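Asker: Just passing along the structure, written as structure tokens.
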Amino acid sequence: MLSQFLTGLRDPVRRFVLSRDPGTFDEAIDVAAREELNEKLLRNHTLPVRHVEESTDALEMR
0 MLSQFLTGLR DPVRRFVLSR DPGTFDEAID VAAREELNEK LLRNHTLPVR HVEESTDALE
60 MR
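Residue numbers (numbering that gives the first Met the number 0): 0 to 61.
As structure tokens, then:
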């Protein structure tokens, strides 16, 4: 049953769960649920990177 569960997970989540080496099916579910929540939170709070002009001080440090 654990292997079927793992097969149904998205690849990044499956790799994360396997890296945690869950001892039970319930533990695997818990790890997968927490990782999916972490991914969702990161996706919702990521801001695009924008170009920032370098200051003269930063250029002088090089």
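Quick reminder that beta carbons are idealized off the backbone N, C-alpha and C, glycines included. Quick caveat: nothing in here was measured; it's all calculated off a predicted structure.
I'd like to know if the segment 18 to 27 and the segment 37 to 44 are in contact, where contact means that at least 3 CB-CB pairs between them fall below 8 Å.
Answerer: As far as the Cβ criterion goes, the segment 18 to 27 does not touch the segment 37 to 44, which means the pair count is below three.
Asker: May I ask you to report which of helix, strand or coil DSSP gives Thr23?
Answerer: Three-state DSSP puts Thr23 in coil, outside helix and strand.
Asker: Using the rule of at least 16 other Cβ atoms within 10 Å of the residue's Cβ for burial, across every protein chain shown, is Ala32 buried or exposed?
Answerer: Ala32 comes out exposed.
Asker: Return the chain-ordered list of same chain residues with a C-beta closer than 7 Å to the C-beta of Arg13, the five sequence neighbours on each side being excluded.
Answerer: Answer for Arg13: Leu5, listed in chain order.
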